[in-house]
Ligand code: DX5
Ligand code: ZN
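In the UniProt record's numbering, the protein residues as written are 2 to 219.
Put into structure tokens, the structure is as follows:
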């Protein structure tokens with residue numbers, strides 16, 4: 002089994018000093034930097050786009066994990082690649098041509114991710130598994146940080162783990178991940194944990210380090 006990675010979501014960071022916040026979570030032990038891109042159309046909130054990712058990319062050498070909650074996504078994939086995203090994840094619900102989006106991401110030289118909302122069946126993954134590097138399962142309805150974990154996500158993680166089999170695909174879980182919910186998420190088969198509010202509470206590098214350690218040790 003793969004080591005468990007922690008991907009703090011900068012959605013919960015102080016956007017007024019975003020580069021400093023990324024330096025702080027890097028020093029605090031983050032494995033990946035999870036960037037929640039929202040368009041106010043696919044989800045009921047607006048965050049930031051490729052220009053902001055480009056502006057903060059130099060703050061960490063770690064993997065930038067771009068979670069695109071935008072529809073359509075295809076016209077912007079090249080912008081996120083050029084901005085320095087290493088993994089680009091689109092939502093299966095965001096367009097009718099998931100297979101095409103995945104091909105486009107790999108053609109840009111990036112790792113291709115698919116995200117599923119809580120109500121979306123894992124069956125949509127079945128015929129494009131060979132084009133997928135990462136599956137991002139939402140355990141809240143996307144749009145906001147600080148929501149509670151939806152319990153049915155656990156069964157979906159198990160089913161996705163079985164579907165993936167021995168393929169080299171990361172299974173990432175996003176929403177309501179805390180030291181309390183992390184153990185069952187990992188036991189069900191996830192190997193990347195996104196956490197926003199549970200990492201950024203406290204507002205200092207020391208608290209971020211303690212928060213990341215608490216999730217890792219859970
Ligand atoms: C939700 C985002 C998540 C969110 C997680 O739309 O995709 O990444 O920031 O936040 P917490 O960990 O606070 O649930
Ligand atoms: Zn996310």
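Don't be surprised by glycine CBs; every beta carbon is placed ideally from N, CA and C.
The structure displayed is predicted, hence computed values, not measured ones.
Would you call the CB atoms of residue i and residue j closer than 8 Å?
i           : j           : result
residue 69  : residue 81  : yes
residue 7   : residue 213 : yes
residue 93  : residue 121 : yes
residue 113 : residue 89  : yes
residue 87  : residue 111 : yes
residue 165 : residue 178 : no
residue 79  : residue 103 : no
residue 218 : residue 145 : no
residue 192 : residue 38  : no
residue 134 : residue 171 : yes
residue 161 : residue 137 : no
residue 169 : residue 142 : no
residue 12  : residue 204 : no
residue 57  : residue 117 : no
residue 210 : residue 85  : no
residue 151 : residue 180 : no
Per the DSSP calculation, residue i is bridged to which residue(s)?
i           : result
residue 9   : 196
residue 36  : 67
residue 139 : 175
residue 112 : 88
residue 117 : 138
residue 151 : Paired residue(s): none; residue 151 is not in a bridge.
residue 47  : 40
Less than 7 Å separating the Cβ of residue i from some heavy atom of ligand 2?
i          : result
residue 53 : no
Which word fits residue i, buried or exposed, when buried means at least 16 other C-beta atoms lie within 10 angstroms of its C-beta?
i           : result
residue 28  : exposed
residue 42  : exposed
residue 17  : exposed
residue 199 : buried
residue 176 : buried
residue 188 : exposed
residue 22  : buried
residue 140 : buried
residue 125 : exposed
residue 131 : exposed
Should residue i be listed as close to ligand 3, given that the test is whether its C-beta is under 7 Å from any heavy atom?
i           : result
residue 197 : Summarising the ligand content, the structure contains ligand 1 and ligand 2 and does not contain ligand 3.
Using only the heavy atoms of ligand 1, determine whether one of them is closer than 7 Å to the beta carbon of residue i.
i           : result
residue 146 : yes
residue 197 : yes
residue 12  : yes
residue 141 : yes
residue 5   : no
residue 188 : no
residue 35  : yes
residue 178 : yes
task = Collect the residues with a C-beta less than 5 Å away from any heavy atom of ligand 2 and give them in sequence order along the chain.
result = The filter returns 37, 68 and 175, in chain order.
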